[in-house]
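Heads up: the sequence shown begins at 18 in the numbering used here, then just goes up one per residue.
A virtual CB, placed ideally from N, CA and C, is assigned to each residue, including glycine.
Below is one structure; the comments refer to it alone.
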Amino acid sequence: DGELRWKTPRGEQDGWATPVLDRMPDGELLVLTAGRGQLGAHLLENGKRVGSGIGLSPAIVASPVLDEHTVFAFGYGSESTVPFSDILTTLDKNHDGQLTADEYGDDAFLVGIAKVEGNRDGIVTKEEWDARFQELMGPSGFWAFRLERAPGAPSDPSIHLRILWRYEKDFTGVIPSPLLYKSVLYVVRNGGILTALDRETGKVIKTGRLEEAVGGYSASPVAAEGQIFLASEDGKVAVVRAGRDWNVLAVNDIGENCYATPALSEGQIYLRTDEALYRFGTHDRGLSVPRQTKAVN
18 DGELRWKTPR GEQDGWATPV LDRMPDGELL VLTAGRGQLG AHLLENGKRV GSGIGLSPAI
78 VASPVLDEHT VFAFGYGSES TVPFSDILTT LDKNHDGQLT ADEYGDDAFL VGIAKVEGNR
138 DGIVTKEEWD ARFQELMGPS GFWAFRLERA PGAPSDPSIH LRILWRYEKD FTGVIPSPLL
198 YKSVLYVVRN GGILTALDRE TGKVIKTGRL EEAVGGYSAS PVAAEGQIFL ASEDGKVAVV
258 RAGRDWNVLA VNDIGENCYA TPALSEGQIY LRTDEALYRF GTHDRGLSVP RQTKAVN
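Below you can see the structure in the form of structure tokens.
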């Protein structure tokens, strides 16, 4: 009926990641949130915060993934600041001390500042640049946290989030959430760079480029029947054979911009572009054109 059940203040200030749910061995349901610098565990029943994992990156965009009470999450930050004057030297064409859209172009970091900092007028100033770096001071990396009951009385709901490993890597501008499939973690980055990591250790198994699908990525990867499907922003859908030595099976050009994560159901792939919604069969290397239907917006 839309009634507010509970509301819990969070100290993370901001975050874009979607929460995930975990049922502990004793049956307690937890809501896990990822925000600036922290992973939070809340009781689903009343919203009470019962645990925090400190040390996450200050910018958390991708949603965490969960497996057997282990949470995998990554984000990005900056260990040092870059003087705005250095950026102006390269990009400030009219030497007015600020950057407009025609000067910073499609630079993901500067586009982000223009959208969220200051007056959001599309112009990047020194004050907005400095403010963004202040927010991003902190480590970049990929973490694995294990959810455990804190030692104490049986009635104590407190949760301890124990760090299992950390993979130190720059994830600046990475929007897609990671994919955990058959004990391997997959992360796709702009440029079509796909990295596979070992679930238990966080060590890199293989990194490579999705040839013919090297654009930007906003959609998260999905998997079924031993295959991974990755949709780039310019409409290239790569079909990858999953595994520690993954390889590209095919790349399909939809020809339309795609920012939404594909949905899988009963052997079908549903793909939403900026122009239409498509349905494909998942046989014959992923996208079977004969079974394609298109719903125009």
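Could you pull out every residue in the same chain whose Cβ sits closer than 6 Å to the Cβ of residue i, ignoring the five residues on either side in sequence?
{"i": "GLY272", "result": "GLY252"}
{"i": "VAL141", "result": "LEU116, LEU127, ILE130, ALA131"}
{"i": "SER323", "result": "The requested residue 323 does not occur in the structure, where the chain is confined to residues 18 to 314."}
{"i": "ARG206", "result": "VAL191"}
{"i": "TYR203", "result": "LEU196, ALA213, PRO238"}
{"i": "ALA230", "result": "GLY209, SER249, LYS253, ALA255, VAL268"}
{"i": "GLY143", "result": "The sequence given here has Lys at residue 143, not Gly. Result list for LYS143: PHE101, in chain order."}
{"i": "GLU118", "result": "Residue 118 is actually Ala in this sequence, not Glu. The residues are GLY139."}
Helix, strand or coil, according to DSSP, for residue i in the structure here?
{"i": "GLU144", "result": "helix"}
{"i": "PHE91", "result": "strand"}
{"i": "GLN115", "result": "coil"}
{"i": "ALA230", "result": "coil"}
{"i": "GLY129", "result": "helix"}
{"i": "ARG66", "result": "strand"}
{"i": "ARG149", "result": "helix"}
{"i": "ILE210", "result": "strand"}
{"i": "ARG302", "result": "Note on ARG302: pLDDT 44, under 50, position unreliable in the model; the coordinate value appears next. Three-state result, ARG302: coil."}
{"i": "THR106", "result": "helix"}
{"i": "PHE101", "result": "helix"}
{"i": "TYR184", "result": "strand"}
{"i": "TYR276", "result": "coil"}
Based on DSSP bridge pairs, tell me the residues matched to residue i.
{"i": "ARG179", "result": "ARG163"}
{"i": "PHE297", "result": "ILE286"}
{"i": "GLY52", "result": "GLN55"}
{"i": "ILE71", "result": "GLN55"}
{"i": "THR224", "result": "THR212"}
{"i": "ASP18", "result": "Partner(s): none; ASP18 has no beta bridge."}
Distance check for residue j and residue i, CA to CA, integer angstroms please.
{"i": "ASP124", "j": "ASP215", "result": "31 Å"}
{"i": "VAL67", "j": "HIS177", "result": "8 Å"}
{"i": "ILE286", "j": "PHE297", "result": "5 Å"}
{"i": "GLU94", "j": "THR189", "result": "According to the sequence shown, residue 94 is Gly rather than Glu. Taking the straight line from one Cα to the other gives about 7 Å."}
{"i": "GLU20", "j": "LEU47", "result": "20 Å"}
{"i": "TRP163", "j": "VAL99", "result": "Looking at the sequence itself, residue 163 is Arg, so the reference to Trp does not match. Their backbone Cα atoms lie some 35 Å apart in a straight line."}
{"i": "ILE210", "j": "ASP173", "result": "44 Å"}
{"i": "ASN136", "j": "ASP270", "result": "38 Å"}
{"i": "THR107", "j": "TRP182", "result": "38 Å"}
{"i": "ALA34", "j": "ASP103", "result": "32 Å"}
{"i": "GLY52", "j": "GLU242", "result": "33 Å"}
{"i": "GLN151", "j": "HIS112", "result": "25 Å"}
{"i": "ASP43", "j": "LEU247", "result": "37 Å"}
{"i": "GLY70", "j": "VAL78", "result": "17 Å"}
{"i": "ASP301", "j": "GLU120", "result": "Note that ASP301 has pLDDT 45, beneath the 50 cutoff, so the model's placement of it is unreliable and the number below is only indicative. Roughly 45 Å separates the two Cα atoms."}
{"i": "GLU45", "j": "ASP147", "result": "43 Å"}
{"i": "GLY233", "j": "LYS65", "result": "38 Å"}
{"i": "GLY219", "j": "TYR184", "result": "6 Å"}
{"i": "THR50", "j": "GLU165", "result": "16 Å"}
{"i": "GLY155", "j": "ASP138", "result": "27 Å"}
{"i": "ILE180", "j": "PRO75", "result": "17 Å"}
{"i": "TYR295", "j": "ILE245", "result": "18 Å"}
Near residue i, what residues of its chain come up, given a Cβ to Cβ distance below 7 Å and the 5 sequence neighbours on each side ignored?
{"i": "ASN274", "result": "GLU250, ASP251, GLY252, THR290, ASP291"}
{"i": "LYS186", "result": "SER157, GLY158, PHE159"}
{"i": "GLU217", "result": "none"}
{"i": "ARG261", "result": "VAL201, ALA213, ILE222, LYS223"}
{"i": "ASP31", "result": "GLY52, ARG53"}
Skipping 5 residues on each side, what residues in its chain have a beta carbon closer than 8 Å to that of residue i?
{"i": "TYR276", "result": "SER235, ALA236, GLU250, ASP291"}
{"i": "ALA167", "result": "GLY68, ASP173, SER175, ILE176, HIS177"}
Exercise. When the Cβ atoms of the stretch 51-62 are set against those of the stretch 27-35, are three or more pairs found closer than 8 Å?
Worked result: Contact between the stretch 51-62 and the stretch 27-35 is present, because at least three Cβ pairs lie under 8 Å.
Exercise. Counting pairs of Cβ atoms below 8 Å between the stretch 260-268 and the stretch 221-228, do you hit three or more?
Worked result: Because the criterion of three Cβ pairs below 8 Å is met, the stretch 260-268 and the stretch 221-228 touch.
For this session: Would you check if there are 3 or more beta carbon pairs closer than 8 Å linking the stretch 83-95 to the stretch 28-45?
Result: These segments touch.
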